[in-house]
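Enquirer:
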Amino acid sequence: MAVLLRFAVLIPLIFSFVAFVLTNLTLFAGSKKGFMEEYAVVRINTTMLGQNLLSSDDKSSSDDDDDDGDSLWDQFTDGLDDLGDAAKGKINDIAGDIIDDIADELGVSDWYSLHVMNACWGGFGPNATTSHFQLNTTNCTQSAPQVRFNLTSLMDHQLSIGPLHISLAKIQWPSSIQRSVDALNAALMALFVLYVLGVGFSGLAMLACIPAIVLGDKRIVLMINTGLASAAAFFITLASIIATAAGSVAVNAINKEGEPVTVVATNGTKFYTITWVTATLMILSSAFWVGKFVFIWKKEKKERERYSKEGF
Numbered sequence: 001m002a003v004l005l006r007f008a009v010l011i012p013l014i015f016s017f018v019a020f021v022l023t024n025l026t027l028f029a030g031s032k033k034g035f036m037e038e039y040a041v042v043r044i045n046t047t048m049l050g051q052n053l054l055s056s057d058d059k060s061s062s063d064d065d066d067d068d069g070d071s072l073w074d075q076f077t078d079g080l081d082d083l084g085d086a087a088k089g090k091i092n093d094i095a096g097d098i099i100d101d102i103a104d105e106l107g108v109s110d111w112y113s114l115h116v117m118n119a120c121w122g123g124f125g126p127n128a129t130t131s132h133f134q135l136n137t138t139n140c141t142q143s144a145p146q147v148r149f150n151l152t153s154l155m156d157h158q159l160s161i162g163p164l165h166i167s168l169a170k171i172q173w174p175s176s177i178q179r180s181v182d183a184l185n186a187a188l189m190a191l192f193v194l195y196v197l198g199v200g201f202s203g204l205a206m207l208a209c210i211p212a213i214v215l216g217d218k219r220i221v222l223m224i225n226t227g228l229a230s231a232a233a234f235f236i237t238l239a240s241i242i243a244t245a246a247g248s249v250a251v252n253a254i255n256k257e258g259e260p261v262t263v264v265a266t267n268g269t270k271f272y273t274i275t276w277v278t279a280t281l282m283i284l285s286s287a288f289w290v291g292k293f294v295f296i297w298k299k300e301k302k303e304r305e306r307y308s309k310e311g312f
């Protein structure tokens, strides 16, 4: 029985090992081009960015025929003229494709994703749907916690070198979107610190299980394991709470502020899943050590009481 109880330590060891691996994955997801791109904290979809350009500017140009011809719609159609007959024919033949391909025509990426350590952007693969899509990563920012993502600056640059050579101001881009991204950037910096601590303590908790197997139920060993597992559980759980809350707040704000320009943000469900699984594993590991510590303490207390009675 004692041998079985000793090797029950393999349970928190396995939990801590898996948590250590998963925490590293949450930390480094997206750190390289195409690596775990689907595990973004938040993704911003800009494929419908030009919808307001096509609807509002087309309407305004038809309502006011006496304009000087320098409206955004005029610039857009002039830009299409410069693209050649093939592009004009495609857009004129299939009205629906205007909306689908407008981001490409403007020169911006289809999506922008924010990860813990960096941000990436790119396009959707062919035949993409809301339930099934392929993420083709074009580029990523430097993978460093101090490098924070400036969505407005990047998109403005992409528009300026795109076929139409326009700016975000021309499509009435809300400046409040960048403020929401900045708030999320601050949360991601906190996540970086918490996940680094989570990696460290989960790794130590895993290694501390080895003396527990070799030395048995020594009080100092139990205290160390309880402390390390509890610290890892605390930091990873706190990171998971912040990631979920900050991500949800950012998505709601961006969707509200980006509605006029048809920008849509989505939560990184896969990221949230992996971080909460990690937190759960370390909570269970911590509970194991707390339970074992309490069990041994009560057992020793009963033995002391029994010896005390026998002494009298």
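Take the sequence shown: its position 270, counting from 1, is numbered 270 in my numbering, and each next residue is one higher. Just so you know, even glycine gets a beta-carbon here, dropped at the ideal spot from N, CA and C.
#1: Give me the residue from I210, L168, V18 and F17 with the minimum Cα distance to T46.
#2: Report the CB separation of I44 from L151 in whole angstroms; it is logged as a contact under 8 Å.
#3: Compare the beta carbon distance of L25 and M36 with 9 Å and say whether it is the shorter of the two.
#4: Here's a check: name, in chain order, each residue in its chain whose Cβ is nearer than 6 Å to the Cβ of L369, leaving out the five neighbours to either side.
#5: Is it true that the region 274–287 meets the region 219–236, where meeting means three or more beta-carbon pairs spaced less than 8 Å apart?
#6: Return yes when the Cβ of F17 is within less than 9 Å of the Cβ of M282, no when it is not.
#7: Helix, strand or coil: which one does DSSP assign to L40?
#8: State the start and end residues of the unbroken beta strand (DSSP E) segment that holds V264.
#9: Distance, Cα to Cα, S31 vs L191?
#10: Whose C-beta lies closer than 6 Å to the C-beta of G200 among residues of the same chain, with five residues either side of it excluded?
#11: Could you check what DSSP says for A119 in three-state terms: helix, strand or coil?
#12: Is it right to say G247 is buried, meaning 16 or more other beta carbons lie within 10 angstroms of its own, or is it exposed?
#13: Can you tell which of F7, I11 and Q142 has the C-alpha that lies nearest to the C-alpha of K33?
#14: Could you tell me which of V249, T275 and I11 sits nearest to R179, measuring between CA atoms?
#15: Taking W111 and N139 to be in contact with their CB atoms under 8 Å, please state how far apart those CB atoms are, rounded to whole angstroms.
#16: Would S113 and V42 be called neighbours here (beta carbons separated by less than 9 Å)?
#17: Kindly list the residues whose CB is nearer than 6 Å to the CB of A29, restricted to its own chain and excluding five residues on each side of it in sequence; keep chain order.
#18: With distances taken between CB atoms, is the gap from A279 to I236 smaller than 9 Å?
#19: Ends of the alpha helix (DSSP H) at T226?
#20: By a C-beta neighbour count over all protein chains shown, 10 Å radius and 16 as the cutoff for buried, is L159 buried or exposed?
#21: By the DSSP assignment, the beta strand (DSSP E) with L135 in it spans what residues?
#22: Excluding the 5 residues flanking T244 on each side, which residues of the same chain have their C-beta closer than 7 Å to its C-beta?
#23: For the alpha helix (DSSP H) containing L197, list its first residue and its last residue.
Expert: Taking the geometry as given:
#1: Stepping through the sequence shown from its first residue, residue 46 is reached at position 46. Comparing Cα-Cα distances from T46 to each of I210, L168, V18 and F17, the minimum goes to L168.
#2: In the sequence shown, residue 44 corresponds to position 44, counting from 1. In the sequence shown, residue 151 corresponds to position 151, counting from 1. Going by Cβ atoms, the distance from I44 to L151 rounds to 7 Å, so yes, they are a contact pair.
#3: Taking the sequence shown and counting its residues from 1, one reaches residue 25 at position 25. Taking the sequence shown and counting its residues from 1, one reaches residue 36 at position 36. For L25 and M36, yes; Cβs fall inside 9 Å.
#4: Given that the chain is displayed from residue 1 to residue 312, the structure contains no residue 369 and the question cannot be resolved.
#5: yes
#6: Along the sequence shown, one-based indexing puts residue 282 at 282. Along the sequence shown, one-based indexing puts residue 17 at 17. In this structure, F17 does not lie closer than 9 Å to M282 by Cβ.
#7: Taking the first residue of the sequence shown as position 1, residue 40 is located at position 40. One point to set straight first is that residue 40 is Ala, not Leu, in the sequence displayed. Three-state DSSP puts A40 in coil, outside helix and strand.
#8: Sequence index remark: in the sequence shown, residue 264 carries index 264 (1-based). Start and end: V264 to N267.
#9: Numbered from 1 along the sequence shown, position 31 holds the residue referred to as residue 31. Numbered from 1 along the sequence shown, position 191 holds the residue referred to as residue 191. If I take the Cα positions, the gap works out to 15 Å.
#10: In the sequence shown, the residue the question calls residue 200 occupies position 200. No residues qualify anywhere along the chain.
#11: Counting from one through the sequence shown, the residue named residue 119 turns up at place 119. Of the three classes helix, strand and coil, the one that applies to A119 here is strand, per DSSP.
#12: Along the sequence shown, one-based indexing puts residue 247 at 247. Classification of G247: buried, given that the 10 Å Cβ count is 16 or more.
#13: Taking the sequence shown and counting its residues from 1, one reaches residue 33 at position 33. Comparing Cα-Cα distances from K33 to each of F7, I11 and Q142, the minimum goes to Q142.
#14: Taking the sequence shown and counting its residues from 1, one reaches residue 179 at position 179. Taking only the C-alpha atoms, the option nearest R179 is V249.
#15: Here residue 111 corresponds to residue number 111 of the sequence shown, with the count starting at 1. Here residue 139 corresponds to residue number 139 of the sequence shown, with the count starting at 1. Contact flag wrong, Cβ pair sits at about 12 Å.
#16: As a working note, residue 113 is residue 113 in the sequence shown. As a working note, residue 42 is residue 42 in the sequence shown. Yes; because the gap between Cβ atoms is below 9 Å, this pair is in contact.
#17: Locating residue 29 in the sequence shown gives position 29, where the first residue counts as 1. Answer for A29: M36, Y39 and H115, listed in chain order.
#18: Here residue 279 corresponds to residue number 279 of the sequence shown, with the count starting at 1. Here residue 236 corresponds to residue number 236 of the sequence shown, with the count starting at 1. Taking 9 Å as the Cβ cut-off, A279 and I236 qualify as a contacting pair.
#19: Numbered from 1 along the sequence shown, position 226 holds the residue referred to as residue 226. Residues R219 to E257.
#20: Numbered from 1 along the sequence shown, position 159 holds the residue referred to as residue 159. Counting Cβ neighbours within 10 Å, L159 comes out buried, since at least 16 surround it.
#21: As a position in the sequence shown, residue 135 is number 135, starting the count at 1. Note, L135: beta strand (DSSP E), L135 to C140.
#22: Your numbering for residue 244 matches position 244 in the sequence shown. Cβ neighbours of T244 beyond the five flanking positions: Y272.
#23: Residue 197 sits at position 197 when you count from the first residue of the sequence shown. S176 to L215 is the span of the alpha helix (DSSP H), which, as asked, contains L197.
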